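Just below is one structure, and these are the notes that go with it.
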Amino acid sequence: MSHAATHDEHHDHGPEAGIMRWIKTTNHKDLGTLYLWFSMIMFFIGGLMSLVIRAELFEPGLQFVQPEFFNQMTTMHALVMIFGGVMPAFVGLANWMIPMMVGCSDLALPRVNNWGFWILPFAFGLLLSTLFMDGGAPAAGWTMYPPLVLQTGDAFPFLIFAIHLMGISSITGAINVIVTILNMRAPQMTLLKMPLFVWSWLITAYLLLAVMPVLAGAVTMLLTDKYFGTSFFTAAGGGDPVMFQHIFWFFGHPEVYILILPAFGIVSTIIPTFARKRLFGYDSMVYAMASIAFLSFIVWAHHMFTVGMPLAAELFFMFATMLIAVPTGVKVFNWIATMWRGSMTFETPMLFALGFVFLFTIGGFSGLMLAIAPVDFQYHDSYFVVAHFHYVLVPGAVFSIIAAIYYWIPKWTGHMYNERLGQIHFWLSAIFINVTFFPQHFAGLAGMPRRIPDYATQFTDWNVISSVGAFVYFVVQFVWAYNMIVNCIMKKGEPATSRVWEGAHGLEWTVPSPAPYHTFEEPPVLDESEVQGAHADEHQHEVQGKPA
Amino acid sequence: MASQSGSYFVPAPTAWPFYLTVGLAVMLYGVAEYLNGNGVGSAPIVIGAAIAIYFIFVWYRGIIQESESGKYSAQVDRTYRWGMSWFIFSEVMFFAAFFGALFYARALSLEWLSGSGDGVLTNAYLWAGFEKEWPSNGPAAMGGDFEIIPPWGVPFLNTLILLTSGVTLTFAHHGLREGAPRGRVVAWMWATVALGCIFLFFQAEEYVLAYQELNLTLESGIYGSTFFMLTGFHGMHVTLGTLMLLIITLRLMKGHFKPDSHFGFEGVAWYWHFVDVVWLGLFVFVYIL
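Read top to bottom, the protein sequences are chains G and U.
Numbering-wise, the first sequence is residues 1 to 548 according to my numbering.
Numbering-wise, the second sequence is residues 1001 to 1289 according to my numbering.
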């Protein structure tokens, strides 16, 4: 049959030139690149905001900024990092990798994919423009609790509409990912032969579709409460401000798994490569992620233990939350078992993946502490919470993004990064992320509240250490930027082979590096040796442990 | 299931989504400034909405042209089916947020405000003497006394209208699948569109009644909030659904759709049934109970 005839007449094998290439592109690799660049710019902006925060907290008293502006920084830092940094980075990786991993030509809905990306610059344009408005940017925290958030000035509708737009972007992206995975896989790629990164994104996309509309609903209620006289969150009218917290966290808790499940997928891909073994417990990894996704819907109120809930609710949400430690533990033990007696090497992606396993687990344990309702009464809204979620988000989600970029960028650009600079980047990052966030556990346990520009003098030492760590960590990231831009993007590094890593398996390693603009226009034949799961070697058990 | 070889349609680069987003952003900027009372006028709203609507139109026209020129394989058809299913799932979750607010207010907020459970002190100090009731505009009687729309009048009629529209739509679908004369299929479709319009007309009448006679408004406490937001968003979805029905009716008249290939039709039908089911939830939980 004639394949060419079924493609669009404009279909060609290279991109067009100039800015219009990027505006008009429907190519998953172009859009993946755009998502990743956008995310890096947002990481930079959000990082600068965090430095304002850390500079102000370097000493007690007010040094650089007014409290109002400080609150704007904490609020915007969170919104920018969550919705502009981490989520688009994972979507960018999904764009680049999922079609190559499942063996199809592009995402299922390429034009929708373009739309999903181009919404983001406009959404963040609206959001960031509020920094220059009367009353400044939103300052009530990224959780937008009423009634405080209803006191926001001119920024308020911009905040709400920016979130609506981000929601549209996430939903279109999630539909695209789900449909691609369900409908576009190469013929032999059954569900349980998919790479775990693909599985993690399938589950993440489901969570996005389930909860982003709920966030849209919640912020719409805020909008009508402020401008149209509704009483959703006003007790005088029969509503309840606490109701917002319930609706918000029904979104918010699955959201934190949206921020970490793709990271699980990345780490589950990288560790087997550098341990030169198949992933231990592939099936249980899938079931663990599915369990985490299910549990994420019934734990939301552990963010609100101190708000005044009935005892039965406190107990239910406490036990449901602790239950999540079980599937998470399964995953951590599987990663360790994968390395057991492997032929390990420690290239940069592996170092970041190992840093993830170790440091994410610390964040997991502090999460377990916070899950215990009676002690959460002490920890709530303290710096201990800040330390906890930064451990799961920075050496968790962000380390996995860094690991993924080191791991796959030779495939994208055809050139290797400088390994020595990569090692330096890892060790400095790993040290200074701990310098930044570990002391915050102590400050928090001693009673330092979060979202406060000033503090009692007994917290000074921990804050000085934390601020120094933050500044060094920020500067160290430029080592990474240099390495990526000069060696990979500007192609000064060694040329990469198509396999890149000797222990790597998967369809993406069967195409040349850099990957051609269009890959897998014909579905590939899936060689069993490229399959990550145990299902590949149901008939050839000897493969276990054999160096590739 | 994922075995179509080499024939998946990959669209050419296009700036439609970009321009659509420009329109949306300009419109939202305009609405935000309007809400802030900053006097930029309605120009950004009108211009932005016009741009957005124009590019939605252009985008869909492009899809219809591609479909009619036979570019879509069975695999592309499955993509649209999955895509529409998951889109409707996300819409269900959007409504779930507002139903959740309704249930929470009725089962918990009002209960606590009236002093049950941990709400004893709230009631004693802030709203002494307030007793739970439904419908309620809260302890401060926000918006003043109001009456509700009786469920067994026009709302019940509207329920019958929407259910009937589901039936006429299904007749049209069966006709299309069995290759019935085009005129008959189109007639059933016009009946469906008409029922959608009648529903909207009655709904608008009810709103006028509520505002002018019953003093039931958006500001009538939690009852007014949940009533108008739920029925309002539902009404917006019916409006959109009716527009979609109209478009596929016009497409039918132009001879689009084949007995074995008409996802454009089916997608709209799914959406219409979804809107129908949401209404049933509304009728039970907002009007009757």
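Note that beta-carbon positions come from the ideal geometry of N, C-alpha and C, so glycine has one too.
Small disclaimer: the values here were computed from a predicted structure and weren't measured.
With a Cβ-Cβ cutoff of 8 Å, do residue i and residue j count as a contact?
i	j	result
G/Gly103	G/Pro449	no
U/Ala1105	U/Thr1226	yes
G/Met309	G/Ile372	no
G/Gly281	G/Ala325	no
G/Phe162	G/Ile271	Residue identity differs from the one stated: residue 162 of chain G is Ala in this sequence, not Phe. The answer is no: Cβ separation not under 8 Å.
G/Leu209	U/Phe1094	no
U/Thr1242	U/Leu1200	yes
G/Ser170	G/Met212	yes
U/Gly1143	U/Glu1219	yes
G/Lys24	U/Thr1014	yes
G/Ile431	G/Pro395	no
U/Val1275	U/Val1238	yes
G/Leu295	G/Ala313	no
G/Pro88	G/Thr26	no
U/Glu1124	G/Phe158	The sequence given here has Ala at residue 1124 of chain U, not Glu. No, Cβ-Cβ distance for U/Ala1124 and G/Phe158 is not below 8 Å.
U/Trp1059	U/Trp1086	no
U/Pro1135	U/Ile1149	no
G/Phe264	G/Met350	no
G/Leu279	G/Leu196	yes
U/Val1010	G/Asp106	yes
G/Lys226	G/Leu128	no
G/His77	G/Met49	yes
G/Ser498	G/Pro516	no
G/Thr361	G/Val386	no
Closer than 9 Å by beta-carbon distance: list the chain U residues that pair up with residue i, in chain order.
i	result
G/Met221	Ala1097, Phe1098, Ala1101, Ser1225 and Met1229
G/Met243	Gly1100, Ala1101, Tyr1104, Ala1105, Leu1108 and Ser1109
G/Phe44	Near G/Phe44 there are no residues of chain U at all, since even the closest Cβ is about 22 Å away, more than 9 Å.
Could one say the Cβ of residue i lies closer than 8 Å to chain A's Cβ atoms, at least one of them?
i	result
G/Ala108	The structure shown contains no chain A; its protein chains are G and U.
Anything in chain U within Cβ reach of residue i, meaning under 7 Å, just list it in chain order.
i	result
G/Ala236	Gly1138, Pro1139, Ala1140 and Met1142
G/Ser105	Tyr1008 and Val1010
G/Glu16	Pro1013
G/Ala218	Ala1097
Residues of chain G with a CB under 7 Å from the CB of residue i: which are they?
i	result
U/Leu1035	Pro157 and Tyr227
U/Phe1202	Under the 7 Å cutoff, chain G gives no residues; its nearest Cβ is about 23 Å from U/Phe1202.
U/Arg1078	Asn183
U/Phe1094	Pro213, Ala216 and Gly217
Give me the chain U residues within the contact set of residue i, using Cβ-Cβ distance strictly less than 8 Å, ordered along the chain.
i	result
G/Pro310	Gly1117 and Asp1118
G/Leu126	Ala1025, Leu1028, Tyr1029 and Ala1032
G/Phe90	Per Cβ cutoff of 8 Å: no residues; G/Phe90 is ~18 Å from chain U at best.
G/His246	Gly1100 and Tyr1104
G/Arg111	Pro1011, Thr1014, Trp1016, Pro1017 and Trp1059
G/Phe122	Thr1021, Val1022, Leu1024 and Ala1025
Anything in chain G within Cβ reach of residue i, meaning under 9 Å, just list it in chain order.
i	result
U/Trp1086	Ile171, Ala174, Ile175, Ile178, Val179, Ala205, Tyr206 and Leu209
U/Phe1290	What the structure shows of chain U is the stretch from 1001 to 1289, and residue 1290 of chain U is not part of that stretch, so it cannot be assessed.
U/Trp1082	Ala108, Ile175, Ile178, Val179, Leu182 and Asn183
U/Gln1065	Per Cβ cutoff of 9 Å: no residues; U/Gln1065 is ~11 Å from chain G at best.
Counting only Cβ pairs nearer than 8 Å, list the residues of chain G close to residue i.
i	result
U/Ile1222	Ser231, Phe232, Gly237, Gly238 and Gly239
U/Glu1091	Pro213
U/Thr1239	Correct list: empty, because the minimum Cβ distance to chain G is about 17 Å.
U/Leu1218	Thr224, Phe228, Gly229 and Thr230
Can you list, in chain order, the stretches of the alpha helix (DSSP H) that have 4 or more residues and sit fully within the stretch 64–100 of chain G?
67–79
Could you please tell me which residues of the stretch 1259–1280 of chain U, in chain order, have their CB closer than 9 Å to any CB of chain G?
none
Write down every uninterrupted run of the alpha helix (DSSP H) in the stretch 19–58 of chain G whose length is 4 residues or greater and which is fully enclosed by it, in chain order.
19–24 and 28–56
Taking a cut of 8 Å between CB atoms, which residues from the stretch 1146–1165 of chain U lie near chain G?
none
Could you name the residues of the stretch 144–156 of chain G whose beta carbon sits closer than 7 Å to any beta carbon of chain U, in the order they occur along the chain?
Asp154
Are at least three pairs of beta-carbons, each pair with one atom in the stretch 115–132 of chain G and one in the stretch 69–87 of chain G, less than 8 Å apart?
yes
Below 8 Å, can you find three or more Cβ-Cβ pairs linking the stretch 359–369 of chain G to the stretch 293–301 of chain G?
no
Secondary structure, alpha helix (DSSP H): runs of 4+ residues fully inside the stretch 1033–1121 of chain U:
1043–1068, 1074–1104 and 1110–1113
Could you tell me which uninterrupted alpha helix (DSSP H) segments, each at least 4 residues in length, are contained entirely in the stretch 201–285 of chain G, listed from first to last along the chain?
241–258 and 261–275
Any 3 or more C-beta pairs closer than 8 Å across the stretch 1254–1265 of chain U and the stretch 1173–1180 of chain U:
yes
Do the stretch 460–480 of chain G and the stretch 419–430 of chain G touch if we need at least three Cβ pairs shorter than 8 Å?
yes
Report the residue ranges of all alpha helix (DSSP H) runs contained in full by the stretch 348–392 of chain G; include only those spanning at least 4 residues, in chain order.
348–371, 373–379 and 383–392
Could you say if the stretch 389–409 of chain G and the stretch 448–467 of chain G meet the contact criterion of at least three C-beta pairs nearer than 8 Å?
no
If contact means a Cβ-Cβ distance below 9 Å, which residues of the stretch 1166–1177 of chain U contact chain G?
none
Which residue spans inside the stretch 1203–1272 of chain U form an unbroken alpha helix (DSSP H) run of at least 4?
1221–1253
Per the contact definition of three or more C-beta pairs closer than 8 Å, is the stretch 376–390 of chain G in contact with the stretch 433–447 of chain G?
yes
Any contact between the stretch 1111–1120 of chain U and the stretch 139–148 of chain G? By contact I mean 3 or more CB pairs, one from each, below 8 Å.
no
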